[in-house]
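Residue 339 is where the sequence shown starts when you use my numbering, and the numbers rise one by one after that.
Beta carbons are placed, not taken as given, at the ideal position from N, Cα and C, and that holds for glycine.
Note that the structure is predicted; figures quoted are calculated from it, not measured.
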Amino acid sequence: MARSYDTPGEGMFAPEEVDPAVAALAALAGNGGALEFAIGTGRIAVPLAARGVPVTGVELSPAMVERLRTKADEATIPVVVGDMATTRVPGDHSLVYLVYNTISNLLTQAEQVECFRNAARHLGPGGRFVVELGVPSLRRLPPGQDGLVFAHRDGYVGLDTFDLEHQHLVSHHIRFEKGGEPSVIRVKQRYVWPSELDLMAQMAGFELESRHADWKGAPFTGDSRSHVSVYRLPERA
Ligand SMILES: C[S@@+](CC[C@H](N)C(=O)[O-])C[C@H]1O[C@@H](n2cnc3c(N)ncnc32)[C@H](O)[C@@H]1O
């Protein structure tokens, strides 16, 4: 996954995906430091640091960090290898952020709650935790069916299969190479409704400050496919 994650200038690395997120996060960080949970290869952290925001990270995969190190050294973006639900990172932070649906990579409710608590541990009064997450697409699932195609184009099919009892889904990314065998990458996730996320935030001491449908501030509605939620600790603890 680390080898093929980056698609410079395209897909999730396209300027129209990255730039609004970086601008919004820079504004939310203000004059403080930012901590990215699950920093990956630095898709957001590298341009955010380039804007002058001090950025640190947590990342479970050393292979992803190795890719990040081809773009930014340890002095520019320090990273601690570990689990975002439990790992402590030194430094003063005004902002913790967790983007691209990655809270869903924690497969139990208990771990997701711990992730909120860990974000709170890294922040002082008034500090913010930003979560970007898809809205579960269960409304598109016809009765009796437990899978749906979420994207398809020449050479690619994306299929989600749901385990409704355990609130899990598996995203299957199927690629058809010319003249070769198809390749499949499967990613298991625990999907979460915005309301459940708000309750986790409340348990960790946060209040919901804002929720929009995207990084540019489009209104969040009943039809929104994803959301950017900004949680904030009270000014006085
Ligand atoms: C979809 S990528 C997002 C990477 C980056 N934030 C971005 O926006 O491109 C998900 C990342 O989460 C990392 N990850 C998964 N579970 C994690 C955990 N429990 N703690 C820290 N990182 C985790 C993966 O290794 C991967 O780098």
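What residue does the beta strand (DSSP E) around residue i start on, and which one ends it?
i	result
R528	S521 to R528
F500	Y494 to D501
F454	From DSSP, F454 is part of no beta strand (DSSP E) but of the alpha helix (DSSP H) over Q447 to R459.
V393	V393 to E397
Apart from the five residues just before and just after residue i, which ones in its own chain have a Cβ nearer than 6 Å to its Cβ?
i	result
P520	I512 and F514
A457	V434 and F467
Check each candidate in the options and name the one with the smallest Cα separation from residue i.
i	options	result
G493	V525, F454 and G517	G517
R455	L476, G482, S548 and T425	T425
F500	H490, K526 and R491	K526
H550	D411, P400, H510 and S564	S564
E534	Q447, V393, P463 and H490	Q447
R381	Q540, L398 and A359	A359
P572	A556, L507 and A539	A539
S562	E397, F351, G472 and T414	G472
M350	L398, N439, G465 and G543	N439
H504	C453, L406, R491 and Y529	Y529
G496	P474, A413 and V522	V522
A388	T414, W553, L537 and L476	T414
M541	G465, H460, A556 and E452	E452
Whole angstroms is fine: what's the gap from residue i's alpha carbon to residue j's?
i	j	result
W531	P346	31 Å
R341	M402	8 Å
P416	P480	46 Å
V418	E470	21 Å
V356	A423	25 Å
S442	E449	10 Å
P353	V393	20 Å
G482	R524	23 Å
G420	V427	10 Å
A361	L546	20 Å
D430	A410	20 Å
R478	L502	14 Å
V508	D498	6 Å
E397	T379	9 Å
L406	Y343	11 Å
G395	P474	27 Å
What are the boundary residues of the alpha helix (DSSP H) that residue i is part of?
i	result
V403	P400 to L406
V437	Here V437 belongs to no alpha helix (DSSP H), and DSSP marks it neither H nor E.
D536	P532 to M541
E573	Per DSSP, E573 belongs to no alpha helix (DSSP H) and is neither H nor E.
V384	A383 to A388
A359	P353 to A367
Does any residue of chain C bring its CB to less than 8 Å from the CB of residue i?
i	result
A556	Given the protein chain composition of this structure (a single chain), no chain C is represented.
Who are the near neighbours of residue i in its chain, counting only those whose CB is closer than 7 Å to its CB and skipping five residues on each side?
i	result
V391	A364, A367 and A372
F558	R549, H550, A551 and H565
K554	P358
Among residues of its own chain, excluding the 5 on either side of residue i, which ones have a beta-carbon nearer than 8 Å to its beta-carbon?
i	result
P463	L571, P572, E573, R574 and A575
E404	A340
> Do the stretch 371-388 and the stretch 430-442 make contact, defined as three or more Cβ pairs closer than 8 Å?
Replying inline: Judged by Cβ distances under 8 Å, the stretch 371-388 makes contact with the stretch 430-442, as three or more pairs qualify.
> Counting Cβ pairs closer than 8 Å, one from the stretch 562-575 and one from the stretch 481-488, do we hit at least three?
Replying inline: The stretch 562-575 vs the stretch 481-488: no contact.
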